[in-house]
Amino acid sequence: MNFSSDRIALKGTSPYGVIKLRVEGHPEAKNPFWAGLTTWAINGIQLHKGEQTVKVLGTDQWGNLRSQDEIKIKSPATLRRWRSSSLNRPRGMFPTDDV
């Protein structure tokens with residue numbers, strides 16, 4: 002998967018009995034949203050530059066590993082932020098412009 006953003010959200014399903022999810026190596030990805038007994042979403046996973054593997058681990062109430070899945074993600078080498086002054090548009094077009 003290729004992404005141009007520095008953060009992603011993952012959605013998926015897990016087997017019955019999985020009650021806790023975590024993304025290995027990503028402490029910022031906390032508090033998954035459960036949309037049912039097996040359907041979940043995890044937001045705010047911070048990407049590193051380049052190719053990486055994101056691993057989601059699912060455990061039961063005793064902490065036993067019940068499921069795991071990996072995806073490979075390729076993030077751009079540099080993430081650019083655009084400033085309004087760099088856009089090709091007339092000044093005064095947006096309220097934040099200096100008029």
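For reference, each letter of the sequence shown is one residue, going 2 to 100 in the working numbering. Backbone N, C-alpha and C fix where the C-beta goes; we use that ideal spot for every residue, glycine too. All of these numbers come straight from a predicted model, not from anything done at the bench.
### Task
Counting only the same chain and skipping the five closest in sequence on each side, list residues whose C-beta sits under 8 Å from that of D7.
Here residue 7 is taken as the residue at index 6 of the sequence shown, counted from 1. Q47, L48, S76 and L80, listed in sequence order.
### Straight-line gap, S15 to N65 (C-alpha atoms, nearest Å)
What you label residue 15 is simply residue 14 of the sequence shown in a count that begins at 1. What you label residue 65 is simply residue 64 of the sequence shown in a count that begins at 1. For S15 and N65, the distance between alpha carbons rounds to 14 Å.
### Query
Which of helix, strand or coil does DSSP assign to A42?
The residue given as residue 42 occupies position 41 in the sequence shown. DSSP places A42 in strand when its eight states are reduced to three.
### Task
Would you tell me roughly how many angstroms separate the C-alpha atoms of S85 and K21, rounded to the nearest one?
Reading the sequence shown from its first residue, position 84 is the one you call residue 85. Reading the sequence shown from its first residue, position 20 is the one you call residue 21. Confidence in S85 is poor, its pLDDT being 45 and thus under 50, which makes the residue's placement too unreliable to answer from.
### Query
Assuming G18 contacts R67 under a Cβ cut-off of 8 Å, what Cβ separation, rounded to an integer in Å, is found between them?
Within the sequence shown, the letter at position 17 stands for residue 18. Within the sequence shown, the letter at position 66 stands for residue 67. With 8 Å as the limit, G18 and R67 qualify as a contact, their Cβ atoms being about 6 Å apart.
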